[in-house]
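Quick note, the sequences are listed as chains A and B, same order. 211 is the number that this note's numbering gives to position 211 of the first sequence; each next residue is one higher, with no gaps. Quick note: to get this note's numbering, add 1000 to the position in the second sequence (first position is 1). Don't be surprised by glycine CBs; every beta carbon is placed ideally from N, CA and C. Everything numeric in this text was worked out from a predicted model, so none of it was measured.
2 protein chains.
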Amino acid sequence: MSTRPDLDALLPGILARQPRAVARGLSVLEAGGEPAAELVQRLHGRSGRARVVGITGPPGAGKSTLVDRLAQACRARGETVGALCVDPSSPFSGGALLGDRIRMQALATDPGVFIRSLATRGALGGLSRSTRDGVDLLDAAGFDWILVETVGVGQDEVDVVRTVDTVIVVTVPGLGDDIQAIKAGILEIADLFVINKADRDGAERAVRDLEMMLALAGEHPAWLPPILRTVASRGEGIAELLAAVLRHRDYLESSGALRERRLGQLRLRVETLLKERVLAAARSEAGLDATVAAGFAAGEDPYSLANRLFADVVRNERNGPQDGRREER
Amino acid sequence: MSTRPDLDALLPGILARQPRAVARGLSVLEAGGEPAAELVQRLHGRSGRARVVGITGPPGAGKSTLVDRLAQACRARGETVGALCVDPSSPFSGGALLGDRIRMQALATDPGVFIRSLATRGALGGLSRSTRDGVDLLDAAGFDWILVETVGVGQDEVDVVRTVDTVIVVTVPGLGDDIQAIKAGILEIADLFVINKADRDGAERAVRDLEMMLALAGEHPAWLPPILRTVASRGEGIAELLAAVLRHRDYLESSGALRERRLGQLRLRVETLLKERVLAAARSEAGLDATVAAGFAAGEDPYSLANRLFADVVRNERNGPQDGRREER
Chain A
1 MSTRPDLDAL LPGILARQPR AVARGLSVLE AGGEPAAELV QRLHGRSGRA
51 RVVGITGPPG AGKSTLVDRL AQACRARGET VGALCVDPSS PFSGGALLGD
101 RIRMQALATD PGVFIRSLAT RGALGGLSRS TRDGVDLLDA AGFDWILVET
151 VGVGQDEVDV VRTVDTVIVV TVPGLGDDIQ AIKAGILEIA DLFVINKADR
201 DGAERAVRDL EMMLALAGEH PAWLPPILRT VASRGEGIAE LLAAVLRHRD
251 YLESSGALRE RRLGQLRLRV ETLLKERVLA AARSEAGLDA TVAAGFAAGE
301 DPYSLANRLF ADVVRNERNG PQDGRREER
Chain B
1001 MSTRPDLDAL LPGILARQPR AVARGLSVLE AGGEPAAELV QRLHGRSGRA
1051 RVVGITGPPG AGKSTLVDRL AQACRARGET VGALCVDPSS PFSGGALLGD
1101 RIRMQALATD PGVFIRSLAT RGALGGLSRS TRDGVDLLDA AGFDWILVET
1151 VGVGQDEVDV VRTVDTVIVV TVPGLGDDIQ AIKAGILEIA DLFVINKADR
1201 DGAERAVRDL EMMLALAGEH PAWLPPILRT VASRGEGIAE LLAAVLRHRD
1251 YLESSGALRE RRLGQLRLRV ETLLKERVLA AARSEAGLDA TVAAGFAAGE
1301 DPYSLANRLF ADVVRNERNG PQDGRREER
């Protein structure tokens, strides 16, 4: 194990929104394990105030540019912005970081903006866990807005956007047949739709398609997701988008939906932690790798192996040294 | 709970490759739970013979057409094909099914081909679990080839393609900037690259970009992923693609990599089952929903809640009725 980070020293800097402390804190969260757990626990009472907005959609939709423009619009209101760019597909986090830094150049010298890429594939703990922990940290640090950008439309991305308050789904005209599947899958989690690059051919059709999908999906008693058009590269439609985000925020607060949503977020986070916990226990206490290798050689099926490992975990958790350390995590 | 399916009646039909029995069996697997576990356990000894090929890539890459053409090419060799089209983004499985059936019309009356869409988002058990179980079933049913098509590039999709023997990554010329991230993320899992719609502008550049990425990624001591070009809609390049798949299969068998890969697949399946297991236990035995709701009201943090639930699961598993039923799963 590496040296345990000194959270006592880190915490005041995070709460004072010092960029280096915020960056260090996010690294602690990305690394996972007990320090991450402790940091979240210590920040917990201070978070819950920020507006957390997710931006998702297929590759090539121009999400990054949209996030840039949205951040600028928030800054123009005198509000601070923390952005997490979640890229589960890239193992090159260095590259992603560099890319974002170049991308966000206009904002790079503004102390009211903090941008960080998360690309922790393969690290201990899933991406939705570290993303949500990161949102907590930025929230506790006092950023007014937290923007979470995620590429793709798989289950992992859905889990990520389920941890935000307002979900913006971005698409572009003429993306091909698979767009149907994407739209279907994210219909239920979208609070706002954006047709970006709306100066392209097919924008009208994209709007009509979305409207039809929404109509097919049935009743939206309280909030009907608006469909907005932007040309993010030229800043067109950004003011309208921000206004729609604020309207959605008002709806969330006045209807009580925000409370409901944050309860759902907590449930998802707890489930994610439970899954990580059982895997960690199976690896460290029940010899998962060796058990699977032996089972493979013997032609055992996965269900029997999982049952044996689970029973071993339960036995070891009960019999192992109950020194309280684990409970404190 | 619904009626328990009669696996004794189902099993002979599956092993005889009767379409209705195969379809029923896949539904049992999609539904998850103990019947799924029992079915996989009973089929386990009969599987392991099929060539399992995954086809993945971004939306709009033409994966569906490629799968159709590949299936036709396998049929032309006199071999049977089972195809699973995994669409984690679509909640409308009926729609997906219909779409595939229209799509695969040319193959629809051929008893040597079986096509099924999996879209079990929200069902008990994840998509990678039910997909891999489905591959087992088609394998035990005696299909020579199993093609697994999956949209997207998120972690969930990566988990799906990690359960196949040969991974084909499909892309198209000029897909936009995000393609860089996609390529980076799937580099390490790709066994073959396909530039589809290779008659479009930018095909040469797409090939060069991929070659550069592969060069940057460093050594490939044993297998260098070839880059193929297809125009699937016209059937161009399909014979060459199938030949490359067969070469990869030879490599897997002669090098011992197949054994290594299948051990990794088993490990991934066991891990997935462990995660499902702890969640099921937390829900049914430790009152996950009520505990989270109470914790939310009290302002508890997710880590403390997860720790308490995990301790409850362990206690209940030890103290609960040990009737052996669970162990038999």
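| Item | Value |
| --- | --- |
| Which full runs of the beta strand (DSSP E) of 3+ residues lie inside the stretch 20-51 of chain A, going along the chain? | none |
| Taking 8 Å as the threshold (C-beta atoms), are threonine 1171 of chain B and alanine 1061 of chain B in contact? | yes |
| Using a 10 Å radius around the Cβ and a threshold of 16 neighbouring Cβ atoms, would you call glycine 1082 of chain B buried or exposed? | buried |
| Excluding the 5 residues preceding and the 5 following glycine 99 of chain A in the sequence, name in chain order all residues of the same chain whose CB lies nearer than 7 Å to its CB. | For glycine 99 of chain A, the predicted model reports a pLDDT of 43, less than 50, meaning its position is unreliable and no value from the coordinates is stated. |
| Name the DSSP beta bridge partners of tryptophan 1145 of chain B, please? | B/Arg1051 and B/Val1081 |
| Given 8 Å as the limit, is there contact between the stretch 1266-1275 of chain B and the stretch 1248-1257 of chain B, that is, 3 or more CB pairs closer than that? | no |
| Flag histidine 1044 of chain B as yes if its beta-carbon sits less than 8 Å from any beta-carbon of chain A, otherwise no. | yes |
| Examine chain E for any beta-carbon lying closer than 8 Å to the beta-carbon of serine 304 of chain A, and answer yes or no. | Here the protein chains are A and B, and chain E is not one of them. |
| Between the C-alpha atoms of asparagine 1196 of chain B and alanine 215 of chain A, what's the straight-line distance to the nearest angstrom? | 34 Å |
| Candidates B/Arg1249, B/Arg1069, B/Gly1033 and B/Leu1084: which alpha carbon is nearest alanine 1232 of chain B's? | B/Arg1069 |
| In whole angstroms, give me the CA-to-CA distance for glutamate 1030 of chain B and valine 1052 of chain B. | 19 Å |
| DSSP three-state label for isoleucine 1168 of chain B, please. | strand |
| Mind checking the stretch 1251-1277 of chain B against chain A and listing, in chain order, the residues whose C-beta falls within less than 7 Å of any C-beta there? | Leu1263, Leu1266, Arg1267, Arg1269, Val1270, Glu1271, Leu1273, Leu1274, Lys1275 and Arg1277 |
| With burial defined as no fewer than 16 other Cβ atoms inside 10 Å of the residue's Cβ, what is the status of threonine 3 of chain A: buried or exposed? | exposed |
| Skipping 5 residues on each side, what residues in its chain have a beta carbon closer than 8 Å to that of proline 173 of chain A? | Ile195, Lys197, Ala198, Arg200, Asp201, Gly202, Ala203, Arg205 and Ala206 |
| In chain A, which residues lie with their C-beta within 8 Å of the C-beta of leucine 1279 of chain B? | Glu271, Leu274 and Lys275 |
| Kindly indicate if chain A contains any beta-carbon less than 8 Å away from that of alanine 1123 of chain B. | Residue placement at alanine 1123 of chain B is flagged as unreliable, the pLDDT there being 42, under the threshold of 50; the coordinate-derived value follows with that caveat. No, alanine 1123 of chain B lies away from the interface with chain A (no Cβ there is under 8 Å from its Cβ). |
| Near leucine 1026 of chain B, what residues of its chain come up, given a Cβ to Cβ distance below 7 Å and the 5 sequence neighbours on each side ignored? | Arg1116, Gly1134 and Leu1137 |
| Which of the three DSSP states, helix, strand or coil, is assigned to alanine 192 of chain A? | The residue asked about is misnamed: residue 192 of chain A is leucine in this sequence, not alanine. Of the three classes helix, strand and coil, the one that applies to leucine 192 of chain A here is strand, per DSSP. |
| Tell me whether glycine 1057 of chain B sits in a helix, a strand or coil according to DSSP, three-state version. | strand |
| Where aspartate 1360 of chain B and alanine 1016 of chain B are concerned, what is the direct C-alpha to C-alpha distance, given to the nearest angstrom? | Residue 1360 of chain B cannot be examined here, being either before or after the span of chain B that is shown, 1001 to 1329. |
| For valine 1148 of chain B, which residues of its own chain have a beta-carbon under 6 Å away from its beta-carbon, when the five flanking residues on both sides are left out? | Gly1054, Leu1084 and Val1164 |
| Taking only three categories from DSSP, how would you classify leucine 1309 of chain B? | helix |
| So, with DSSP's three-state summary, where would you put leucine 210 of chain A? | helix |
| Taking C-beta pairs closer than 7 Å, name the residues in chain A that alanine 1293 of chain B reaches, listed in chain order. | Leu263 |
| Please determine, among B/Thr1065, B/Asn1307, B/Glu1038 and B/Val1245, the residue with the shortest C-alpha to C-alpha distance to aspartate 1008 of chain B. | B/Glu1038 |
| Less than 8 Å between the C-beta atoms of lysine 1063 of chain B and lysine 275 of chain A, yes or no? | no |
| Per DSSP, what are the beta-bridge partners of valine 86 of chain A in this structure? | A/Leu118 and A/Thr150 |
| Is arginine 1247 of chain B close to chain A, meaning its C-beta is less than 8 Å from at least one C-beta of that chain? | no |
| Please report the distance separating the alpha-carbon of histidine 44 of chain A from that of valine 22 of chain A. | 15 Å |
| Which residues in the same chain have their Cβ closer than 7 Å to the Cβ of arginine 1049 of chain B, if we skip the five residues on either side of it in sequence? | Asp1139 |
| Looking at the strands, I want to know which residues DSSP matches up with arginine 1229 of chain B. | B/Ile1195 |
| For proline 1035 of chain B versus valine 1028 of chain B, is the C-beta spacing smaller than 8 Å? | yes |
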